[in-house]
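In my numbering, the protein residues as written are 120 to 766.
Backbone N, C-alpha and C define an ideal beta-carbon position, used for all residues, glycine too.
Computed from a predicted model, the values in this text were never measured in an experiment.
Since the structure comes first, as structure tokens, the remarks are kept for the end.
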Ligand SMILES: [Fe+2]
């Protein structure tokens, strides 16, 4: 629906009402918005008045802690539709296990007030997450978490027909007898060739129980629980360099590490979402799937009921899909599940953005895993020891081609993501309105930090990045910052085997010290040009890979060096399960061994004519933030580069 056409016929499953229909009264709106505990951030108010935080507590382990039974809207966040100029989805959640009585959203292109009550959209009754459905229109989704047994409620309103480069204001309410409300605003993407800023990092996690942003009162696990993530979110609200706030944020996977607290995944997601909401209620956050989004649960791999398999919804990512209604790639998997939101693309200005899910191709392994002992959870489900829900090839089959060291979609069920990615990149590169292509993935194919590079991505996708001249590839997973030189093609076999194994790719047996083809990327140049006094690389000649997994999770900025050559040395996972090889990494241009954490801004300038787009990239360092403490974000970057195809 559009702001000008509130009387359009409504789809059958929701009701659009005109401005004078009963809605939340302005009085109740104001009471909710300024209530005790409200957090005022740039552009609006997030209501934390129902904060249920008790005494700070450590991770409760396998004990499931209660969720709230209140219904006030929280965890507000925005995502882009397939056309970001005209489509933005507003999402929110109830705090816990009770659905909102009568949820609705009110929006307008002018601030909401007594004189401007906006357009009201009422949501239908919740339906359980069903990834076999084609999702149309506003919807309420419930998801029953497999191990806690808790059902949580999530609300999504995809707005369509919006005007480009226009600010919209919205409020949502639970529709209770005494309604609670929260709200925000957003600006749609500009039309045509336009300047804009976006930001990106991965591996965020949840605030500790000592942070004022933590709402559950618990610290969740060691890897993802951190207070750096509070300041990472701050960096997307107010730009620390004095520039504009980002129009949107790319979140490069491993969002909250709920899989590390399997008895309490809804609570972990809640702490993550409330922290992120401080920004995401005002600009879209676009995630991609990381290995930690795949959780243990109580269903079969396709999401159907099972007493012998332990996936949390289809492929284990039910919590993610209950919370994010992402652009639709239009694909249905071989098991009948739609692949909406697993991988997707959108264009803003002269840049095509492409999100892919590396869990489909990584050799290091992804998917929920149990420990060494069986555990019986709150839901009554007992998960045995040794469960390993591998997600490799979940969208179809790949075959290894030794000739060009590649993994290609093959057979009667060819890998759907690989086919989609090739088509998306080919069409993007031939689209005259697209100058630059930015891909974001969780796992890095090319990184030299201790958590390494993954040969699965190199074999499945890096050739596609080369063929279609992808300009930038943004990654996470490795909790650090690293930048490569422009890369194109690959070198003769350059890896050295560090443990004996039989390869899942070529079937050969390798001994320690053997040479192995790791598809090591070829460096195009190590010498930047200069644009406006800033070092610059031509991305038409080579793709630059940025590892930005320093969003907050535990530090991993450990980098090895070849003792003989003195070059950086990378670990490469070269077979299923992740056996190691190493390669010298002349492709590694910059590594931050001082601070694992940080954040980025990307300023897109379309130039005067087609082909002239540049993206100015800045990376800012953040030290690891001790629980409950505060820092000031840096004003100057650790690195600044210009990337473009005609620099
Ligand atoms: Fe990861």
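Taking Cβ positions, are residue i and residue j nearer each other than 8 Å?
i, j, result
"residue 457", "residue 253", "yes"
"residue 670", "residue 322", "yes"
"residue 291", "residue 214", "no"
"residue 305", "residue 239", "no"
"residue 183", "residue 299", "no"
"residue 324", "residue 343", "yes"
"residue 448", "residue 462", "yes"
"residue 724", "residue 314", "yes"
"residue 640", "residue 647", "no"
"residue 526", "residue 579", "yes"
"residue 370", "residue 404", "yes"
"residue 557", "residue 583", "no"
Verify the contact flag: residue i, CB atom, against every heavy atom of ligand 1, threshold strictly below 7 Å.
i, result
"residue 373", "yes"
"residue 409", "yes"
"residue 587", "no"
"residue 561", "yes"
"residue 765", "no"
"residue 716", "no"
"residue 275", "no"
"residue 596", "yes"
With DSSP run on the structure shown, which of helix, strand or coil describes residue i?
i, result
"residue 740", "strand"
"residue 523", "coil"
"residue 391", "helix"
"residue 461", "coil"
"residue 735", "strand"
"residue 665", "strand"
"residue 545", "helix"
"residue 351", "helix"
"residue 556", "strand"
"residue 748", "coil"
"residue 416", "strand"
"residue 68", "Any answer about residue 68 is impossible in this case: the structure gives the chain only from 120 up to 766."
"residue 757", "coil"
"residue 479", "helix"
"residue 360", "coil"
"residue 536", "helix"
"residue 728", "coil"
"residue 411", "helix"
"residue 645", "coil"
"residue 384", "helix"
Please classify residue i: is it buried, with 16 or more other beta-carbons within 10 angstroms of its beta-carbon, or exposed?
i, result
"residue 392", "buried"
"residue 358", "buried"
"residue 518", "exposed"
"residue 420", "buried"
"residue 683", "exposed"
"residue 340", "buried"
"residue 685", "exposed"
"residue 293", "buried"
"residue 776", "As shown, the chain starts at 120 and ends at 766. That puts residue 776 outside it, with no answer to give."
"residue 235", "exposed"
"residue 204", "buried"
"residue 180", "exposed"
"residue 414", "buried"
"residue 108", "Any question about residue 108 goes unanswered here, given that the chain covers just 120 to 766."
"residue 280", "exposed"
"residue 424", "exposed"
"residue 638", "buried"
"residue 433", "buried"
"residue 631", "exposed"
Our contact map puts residue i next to residue j with C-beta atoms below 8 Å; I'd like the distance itself, whole angstroms only.
i, j, result
"residue 455", "residue 697", "Residue 455 to residue 697, Cβ: 30 Å. No contact."
"residue 416", "residue 431", "3 Å"
"residue 289", "residue 198", "In fact, because the Cβ distance is near 14 Å, the residues do not count as touching under 8 Å."
"residue 668", "residue 597", "5 Å"
"residue 737", "residue 713", "Actually they are not in contact, since the Cβ atoms of residue 737 and residue 713 sit about 17 Å apart, beyond 8 Å."
"residue 566", "residue 594", "7 Å"
"residue 514", "residue 534", "6 Å"
"residue 744", "residue 394", "Contact flag wrong, Cβ pair sits at about 13 Å."
"residue 223", "residue 241", "5 Å"
"residue 661", "residue 607", "4 Å"
"residue 732", "residue 554", "4 Å"
Kindly indicate if chain D contains any beta-carbon less than 8 Å away from that of residue i.
i, result
"residue 565", "Any reference to chain D falls outside this structure, which holds one protein chain only."
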